[in-house]
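Let me begin by presenting the structure, written as structure tokens, before commenting on it.
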Amino acid sequence: MTLRVLNTLSGEKEPFEPQDPDDVLVYYCGLTVSDFAHLGHARTWVHVDTIHRWLAHLGYDVRHVENITDVNEKIVARVGEGELGDSEREVAAGFIDQLLADMRALNLKRAEVYPRVTEHVPEIIDLVETLVEQGHAYESNGSVYFDVTTFDDYGKLSNQRLDELEAQGPDAERAEKRNPADFALWKAGGVDRSAVADHRHDDREYAVDDPTGETWDSPWGEGRPGWHIECSAMSMTHLDSTLDIHMGGRDLVFPHHENEIAQSEAATGEQFARYWLHADLFEMDEEKMSSSLGNFVPVEEAVPRFGVNALRTFFLSASYNSTQTYSEAAIHEAEERWDRLENAYRRAAETADSPAARTTAEARDLRTAVDDTRETFAAAMNDDFNTREALAALLDLSSAVNSHVDAADRYDYRGLRRAVETFDELGGEVLGLDFAGDEAGDASLADELVELVLDVREAEREAGNYERADALRDDLTELGVEIQDTDDGPTYRLG
RNA sequence: GCCAAGGUGGCAGAGUCUGGCCUUACGCGGUUGCCUGCAGAGCAACUAUACGCCGGUUCGAAUCCGGCCCUUGGCUCCA
């Protein structure tokens with residue numbers, strides 16, 4: 189069973205074959221740090237993370253690089269607000285800290301490296317020089333532009349035709365360009381004032397009227413890197429001239445990724461990325477959620493509110509390559525699904541530990557269900573990362589566990605253990621759900637106290653004092669301890 | 001205008017590439033029964049024959065072909 193992925197480059201699902209059979213070189217276009225990350229970013233992250241996890245599960249050594257763009261007119265505009273920092277670097281640093289915290293909160297696997305533009309200016313200048321020497325780029329007024337007419341394949345990713353394209357970039361740039369679709373590799377002088385003005389929020393006061401961004405020396409004078417060039421320079425620096433997988437949001441296909449291909453392939457003469465995977469966008473009221481539209485829910489707010497497991501389940505309930513819409517009802521539904529999984533997990537783990545559990549020759553129903561789940565799950569993930577079906581497979585296993593525990597008078601120890609392992613491996617390792625989270629940490633004293641209260645409650649129940657028993661349960665519930673009575677006695681979960 | 005993705009039951013959302021073995025996948029919501037001192041969790045069943053519209057191909061189409069309508073995204077910073 190081989191992995192097949194939808195490649196934007198061909199528009200088709202293709203068998204996945206990395207250059208090296210053991211490694212996968214993954215580059216993910218990360219954020220520009222001019223604002224807080226929102227649920228739209230979170231959704232893409234979770235899918236990229238799950239793809240990473242599945243590749244690792246298949247046995248590949250995943251070399252994952254994810255850039256952070258910390259040079260941008262929008263960041264400079266934030267400097268002008270005067271509250272977040274006095275320089276482009278300072279503002280960026282604050283958002284980067286938050287970004288990394290958000291990623292941890294979402295239980296994302298760490299990338300090998302998170303390269304930043306400010307740390308790679310020499311590599312960027314080298315690459316631009318190469319392109320100028322090759323005749324693919326030209327200087328104009330101290331800026332350097334890529335000449336799109338020198339790259340025959342321009343438009344192959346987004347199916348754009350040069351003569352249909354509208355001019356890129358701010359007005360001031362256009363006069364300097366040979367062709368309307370040429371794009372800046374290097375921008376002369378300081379920050380583009382008109383671009384900064386565009387990014388300012390109208391309803392804010394500006395402490396600094398004329399903020400400036402950082403500039404660097406270059407063969408063309410003082411200046412700043414263009415938007416697209418950093419991804420080419422950094423992916424070549426940290427990975428290779430040819431990537432196996434390049435991922436990003438659908439909104440980056442054009443012009444960002446198209447331009448990355450042009451400048452990279454022109455410079456190296458090699459294919460830039462073999463597979464392009466694009467995550468579709470997250471919508472809010474039939475509009476994409478975005479910082480610039482102001483219609484976003486920050487990750488920082490959403491994680492504590494909904495919980496990381498419910499959020500991941502929510503995002504994974506739709507394909508990475510289809511759009512998804514924000515709605516509290518939908519997130520609530522995902523929370524219910526997650527609860528169902530977690531319930532079955534605990535039930536399987538607890539039942540396996542009960543004295544009535546043993547391995548018998550008969551009653552193989554659960555083991556069969558586990559095998560089915562693993563097979564269905566793998567088939568779903570191998571079919572372009574169909575996470576919704578993968579979740580469905582685990583939910584089927586949940587049903588099987590529940591039916592088994594409800595129906596059997598002797599529990600299948602091995603089947604229950606295998607169910608637990610499967611939840612851990614597929615739900616935990618691959619989908620990034622945290623089954624053990626509630627029991628982790630130093631809850632031992634809390635556990636003992638809860639058990640003490642439950643013992644008292646059991647005694648009251650046996651004595652028929654249901655009012656006192658229920659009062660204890662209510663009190664525990666209020667403290668965030670959920671109680672469930674089962675045939676084998678009460679169980680609880682610390683909220 | 002050009003390019004791309006999509007329109008599936010009350011909601012959400014797979015399936016479309018590789019026509020039938022597809023089934024209101026999985027789940028949420030609703031109803032009923034079982035279990036329970038109660039609650040929760042769970043189990044069983046039900047929720048009138050859904051696939052944007054119109055044609056076509058086919059023994060057979062959600063799935064293929066043609067046309068049309070609508071939505072979203074990109075062509076300006078963007079995950």
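Numbering (the working numbering) for the first sequence: 189 to 683. Backbone N, C-alpha and C fix where the C-beta goes; we use that ideal spot for every residue, glycine too.
**Study point:** Sub-8 Å separation of Asn195 and Gly218 beta-carbons
**Key:** no
Exercise for review: Go ahead and pull the three-state DSSP assignment for Tyr680.
Suggested key: strand
Check your understanding: If you compare alpha carbons, which of Ser346, Asp237, Lys365 and Ile313 is closest to Thr337?
Key -> Lys365
Review point. Taking the continuous alpha helix (DSSP H) assigned at Leu287, which residues delimit it?
Key: Glu276 to Ala293
Review point. Whole alpha helix (DSSP H) runs in the segment 410 to 478 with 4 or more residues, listed along the chain?
Key: 417 to 426 and 446 to 456
Check your understanding: When the Cβ atoms of the segment 483 to 499 are set against those of the segment 208 to 215, are three or more pairs found closer than 8 Å?
Key -> no
Check your understanding: How long is the line joining the alpha carbons of Glu300 and Ser420, rounded to whole angstroms?
Key -> 17 Å
Practice item. Specify whether the segment 257 to 271 and the segment 198 to 213 touch according to this definition: at least 3 beta carbon pairs, one from each stretch, less than 8 Å apart. Key: no
Review point. DSSP on Asp258, reduced to helix/strand/coil?
Key: coil
Check your understanding: Name the DSSP bridge partner or partners of Ala372?
Key -> Tyr333
Review point. Just the Cα atoms here: how many angstroms apart are Met477 and Ile519?
Key: 16 Å
Check your understanding: In terms of alpha-carbon separation, which member of Thr257, Leu621, Val316 and His245 lies closest to Phe502?
Key -> Leu621
**Study point:** Ala628, DSSP secondary structure in three states
**Key:** In this predicted model, Ala628 has a pLDDT of only 41, less than 50, meaning its place in the structure is not dependable enough to derive any value.
Review point. Taking C-alpha atoms, which residue in Val250, Val253 and Phe283 lies nearest to Ile263?
Key: Phe283
Review point. To the nearest angstrom, how far is it from the Cα of His308 to the Cα of Pro399?
Key: 23 Å
Check your understanding: Cα separation between Leu353 and Leu296?
Key -> 37 Å
Practice item. Out of Arg534, Asp594 and Val441, state which residue places its alpha-carbon closest to the alpha-carbon of Arg605. Key: Arg534
Review point. Roughly how many angstroms separate the alpha carbons of Gln672 and Ser480, rounded to a whole number?
Key: 46 Å
Check your understanding: Three or more beta-carbon pairs under 8 Å between the segment 520 to 532 and the segment 553 to 569, yes or no?
Key -> no
Check your understanding: According to DSSP, what are the bridge partners of Tyr326?
Key -> Tyr333
Check your understanding: Quick check: the segment 576 to 586 against the segment 610 to 617, are there 3 or more CB pairs under 8 Å?
Key -> yes
Practice item. Classify Asp630 as buried or exposed, calling it buried when 16 or more other Cβ atoms lie within 10 Å of its own Cβ. Key: Confidence at Asp630 is low in this model, with a pLDDT of 47, below 50, so the placement of that residue is unreliable and no value is reported for it.
Check your understanding: Tell me the DSSP bridge mates of Ala545?
Key -> Tyr599
Check your understanding: Would you call the CB atoms of Phe339 and Leu373 closer than 8 Å?
Key -> no
**Study point:** Cα-Cα separation between Leu529 and Arg598, rounded to whole angstroms
**Key:** 23 Å
**Study point:** Beta-carbon gap between Asp468 and Asn497 smaller than 8 Å
**Key:** no
Exercise for review: Run the CB neighbour count on Thr190, radius 10 Å, all protein chains shown included, and call it buried at 16 or more, exposed below.
Suggested key: exposed
Point to revise | Chain-order list of residues whose beta-carbon lies under 6 Å from that of Thr318 (same chain, five-residue window excluded) | key: Ala455
Exercise for review: Note down, in chain order, each residue of its chain lying with its Cβ closer than 6 Å to the Cβ of Thr232, except the 5 sequence neighbours on either side.
Suggested key: Gly437 and Ala467
Review point. Can the beta-carbon of Tyr463 be found closer than 8 Å to that of Ala545?
Key: no
Review point. Who are Asp249's beta bridge partners in DSSP?
Key: Asp211
Check your understanding: Hey, Glu453 and Asp341: beta-carbon distance below 8 Å or not?
Key -> yes
Practice item. Quick one: which unbroken alpha helix (DSSP H) runs of 4-plus residues sit fully inside the segment 298 to 325? Chain order, please. Key: 309 to 322
Practice item. On a CA-only basis, which of Asn570, Thr674 and Gly457 is nearest Ser507? Give me that one, please. Key: Asn570
Exercise for review: Measure the alpha-carbon distance for Thr575 versus Leu499 and round it to whole angstroms.
Suggested key: 14 Å
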